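Input: a single structure, listed below in structure tokens.
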Amino acid sequence: FAPWEDANEKPLIQFKGVTKRFGTYTAIDNLNLDIYRREFFALLGPSGCGKTTLMRMLAGFEDATEGTILLDGKDIGAVPPNKRSVNMMFQSYALFPHLSVWDNIAFGLRREKKPKDEIAARVEEMLTLTRLGRFAKRKPHQLSGGQRQRVALARSLAKSPKLLLLDEPLGALDKKLREDTQFELMDIQEKTGTTFVIVTHDQEEAMTVASRIGVMNEGQLVQTSTPDRIYETPNSRYVADFIGAVNILEGRATPRPDASEDEAAYDIAWAEGYEPIHARRTNGAAAEKIAPGSQVYFAIRPEKITLSEERPADAANAFQGKVLDIGYLGSLSTYHVELPNGTVIKAQTANSRRVARRSFTWEDTVWLSWTATAGVLLTS
Ligand code: ATP
Numbered sequence: 010f011a012p013w014e015d016a017n018e019k020p021l022i023q024f025k026g027v028t029k030r031f032g033t034y035t036a037i038d039n040l041n042l043d044i045y046r047r048e049f050f051a052l053l054g055p056s057g058c059g060k061t062t063l064m065r066m067l068a069g070f071e072d073a074t075e076g077t078i079l080l081d082g083k084d085i086g087a088v089p090p091n092k093r094s095v096n097m098m099f100q101s102y103a104l105f106p107h108l109s110v111w112d113n114i115a116f117g118l119r120r121e122k123k124p125k126d127e128i129a130a131r132v133e134e135m136l137t138l139t140r141l142g143r144f145a146k147r148k149p150h151q152l153s154g155g156q157r158q159r160v161a162l163a164r165s166l167a168k169s170p171k172l173l174l175l176d177e178p179l180g181a182l183d184k185k186l187r188e189d190t191q192f193e194l195m196d197i198q199e200k201t202g203t204t205f206v207i208v209t210h211d212q213e214e215a216m217t218v219a220s221r222i223g224v225m226n227e228g229q230l231v232q233t234s235t236p237d238r239i240y241e242t243p244n245s246r247y248v249a250d251f252i253g254a255v256n257i258l259e260g261r262a263t264p265r266p267d268a269s270e271d272e273a274a275y276d277i278a279w280a281e282g283y284e285p286i287h288a289r290r291t292n293g294a295a296a297e298k299i300a301p302g303s304q305v306y307f308a309i310r311p312e313k314i315t316l317s318e319e320r321p322a323d324a325a326n327a328f329q330g331k332v333l334d335i336g337y338l339g340s341l342s343t344y345h346v347e348l349p350n351g352t353v354i355k356a357q358t359a360n361s362r363r364v365a366r367r368s369f370t371w372e373d374t375v376w377l378s379w380t381a382t383a384g385v386l387l388t389s
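Number 326 in UniProt numbering belongs to position 317 of the sequence shown; there are no gaps in the numbering.
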């Protein structure tokens, strides 16, 4: 499933040079984005980056100051919200407190004056889809948070919109329920085939549910790609850092003479008196050549770093340091290791009972090592 890689596929939604200003403040800055049918697209970014504004423009609650938004190839700039075949599910769910679950789901269909039996069939279908059959007669206050969330979803999908917008839909749920509900959302999205666009500031949530993620910063999309590509090849320090705790070492890159044709290989001089970092990439944009002597940022995730007592004989990169802190996370532990020059590097190791592994404690001297392809080189 990769319609964005198919030249014959027409996008369901297109943002073309869209800018949104509130007075002199630019909330969305010349944004271009295509979203395809059946996608589960996540808009990810910190508070205030413009995620909600983008959704509100799709729903029709805000006009673009400049540019056009197309739905199914048609400019929807002048189409009012209720004529767009776009539905928005709010964080507060906005259920009618005096109506039963059944009536909440039927509400939009009744307003459209659909025939009674058609409404009943559709409501039943939605109750089954969201596993709410048993609760049809209850009022919202007689439901748990997770159940209310499912009613809101059922109501939003009842009219079969082409596009469903979800603004932090799981924000009010606790961690465990949130994770379960993410899988439920994915399941419902797949079953209905509706295009979902979700707004979240939770990178794990975006990685879990989305076919693609658009990472936003200050009104701009800074990277749009699949979760794995965003994770493996972030295009900037901003994205690398936003997607997860990452170590970033700044330095100057010198091309290595042993790089092959389709490879980018560099020595990164990063600290006085330390061996340069040896970094290598063979695929795609990440292997783009960097001018000799350029300033670069080497980003490496904690789980790509190995901790050991002795320096591994064949390690492309190895540095010695002292354990400062240990965070125990059940199946994983995170170590903060300080190098003699004061740099602190985070390394994560799996805690396996089956593999006897030397574990380290505070003040231990350890070796941190990683392969030449373990990290990414970024120029911004
Ligand atoms: P959050 O995750 O906190 O909801 P967000 O990424 O959804 O944040 P938006 O709500 O889209 O951010 O807001 C983007 C920026 O535009 C913010 O700086 C906000 O203050 C500003 N903004 C949004 N709506 C208006 C408005 N009606 N008038 C003026 N400024 C606005």
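For glycine and all other residues, C-beta sits at the position ideal for the given N, C-alpha and C. A quick note: this is a predicted structure, and the numbers were derived from the prediction, not measured.
Quick one: Cα of E133 to Cα of G142, how far?
Cα to Cα, E133 sits roughly 8 Å from G142.
For ligand 1, is there a heavy atom less than 7 Å away from the beta-carbon of G180?
No, ligand 1 has no heavy atom inside 7 Å of this Cβ.
Rounded to the nearest angstrom, how far is the Cβ of E348 from that of G330, given a contact under 8 Å?
Note that residue 348 is Leu in the sequence shown, not Glu. L348 to G330, Cβ: 4 Å. Contact.
Considering only residues of the same chain and omitting the five flanking positions on each side of A115, which have a CB-CB separation below 7 Å?
So the qualifying residues of the chain are I128 and V132.
Whole beta strand (DSSP E) runs in the region 62-92 with 3 or more residues, listed along the chain?
Here the runs fully enclosed are 75-80.
Residue ranges of each beta strand (DSSP E) run of no fewer than 3 residues wholly in the region 279-367, ordered along the chain?
DSSP runs (the beta strand (DSSP E)) wholly in the region 279-367: 286-290, 304-309, 315-317, 326-337, 341-347 and 353-359.
With burial defined as no fewer than 16 other Cβ atoms inside 10 Å of the residue's Cβ, what is the status of E270: buried or exposed?
Result: exposed.
What residues match up with G260 in a beta bridge as DSSP calls it?
Paired residue(s): V305.
Is it the case that the CB of G202 approaches a heavy atom of ligand 1 more closely than 7 Å?
No, ligand 1 has no heavy atom inside 7 Å of this Cβ.
Who are R131's beta bridge partners in DSSP?
According to DSSP, R131 bridges with nothing at all.
Taking the beta strand (DSSP E) that V231 falls in, what are its first and last residues?
Segment Q229 to S234, the beta strand (DSSP E) holding V231.
Can at least three beta-carbon pairs, one atom from the region 266-284 and one from the region 216-227, be found at a separation below 8 Å?
In short, these stretches do not touch, since the Cβ pair count stays below three.
To the nearest angstrom, how far is the alpha carbon of G76 from that of R30?
If I take the Cα positions, the gap works out to 12 Å.
Should G69 be counted as a contact of ligand 1 given a C-beta to heavy atom distance under 7 Å?
No; taking the cut-off as 7 Å, the Cβ of G69 has no heavy atom of ligand 1 nearer than that.
Helix, strand or coil, according to DSSP, for T204 in the structure here?
Three-state DSSP puts T204 in a strand.
Do K60 and ligand 1 come close, with the Cβ less than 7 Å from some heavy atom?
Yes, the Cβ of K60 comes within 7 Å of a heavy atom of ligand 1.
Quick check on DSSP: helix, strand or coil for K185?
Reduced to three states, the DSSP call for K185 is helix.
Would DSSP call A268 helix, strand or coil?
Note: A268 maps to coil in three-state DSSP.
Helix or strand or just coil, what does DSSP make of K29?
In the structure shown, K29 sits in a strand (DSSP, three-state: E or B).
Less than 8 Å between the C-beta atoms of L118 and V160, yes or no?
No. Outside cutoff.
Excluding the 5 residues preceding and the 5 following P90 in the sequence, name in chain order all residues of the same chain whose CB lies nearer than 8 Å to its CB.
Contacts found: A68, G69 and F70.
Measure from the alpha carbon of R93 to the alpha carbon of each residue in V110, E284, P170 and G32, then state which is nearest.
Out of V110, E284, P170 and G32, P170 has the C-alpha closest to the C-alpha of R93.
DSSP three-state label for G253, please.
Residue state, collapsed to three classes: coil.
Using a Cβ distance threshold of 8 Å, determine whether the region 40-59 contacts the region 207-224, with at least three qualifying pairs required.
The region 40-59, when compared against the region 207-224, does touch it at the 8 Å Cβ threshold.
To the nearest angstrom, how far is it from the Cα of L152 to the Cα of I197?
The alpha-carbon atoms of L152 and I197 are separated by roughly 20 Å.
Is R221 helix, strand or coil by DSSP?
Here R221 sits in strand by DSSP.
Excluding sequence positions up to five away, which residues of its chain have a Cβ less than 8 Å from the Cβ of S245?
Hits under 8 Å: V231, Q232, L387 and S389.
Confirm, please, whether the CB-CB distance from I257 to Y306 is below 8 Å.
Yes, the Cβ-Cβ distance between Y306 and I257 is below 8 Å.
Just tell me which of K83, H150, K168 and N96 has its CA closest to the CA of K122.
Among K83, H150, K168 and N96, the Cα nearest to that of K122 is on K168.
Once the 5 residues before and after L42 are set aside, which same chain residues still bring their CB inside 7 Å of it?
Cβ within range, chain order: F24, G223, L230 and T233.
To the nearest angstrom, how far is it from the Cα of E372 to the Cα of E312?
Using only the alpha carbons, I get a separation of about 21 Å.
Beta-carbon within less than 7 Å of D323's beta-carbon, same chain only, minus the 5 sequence neighbours each way: which residues are those?
Answer for D323: no residue qualifies.
What did DSSP end up calling L104 once you bin it into helix, strand or coil?
L104 falls in the coil class under three-state DSSP.
Measuring alpha carbon to alpha carbon, tell me which residue in T35, E259 and R47 is nearest R221.
The shortest Cα separation from R221 among T35, E259 and R47 belongs to R47.
Any heavy atom of ligand 1 closer than 7 Å to the Cβ of S245?
Not under cutoff, so the answer is no.
For ligand 1, is there any heavy atom lying closer than 7 Å to the beta carbon of A288?
No, ligand 1 has no heavy atom inside 7 Å of this Cβ.
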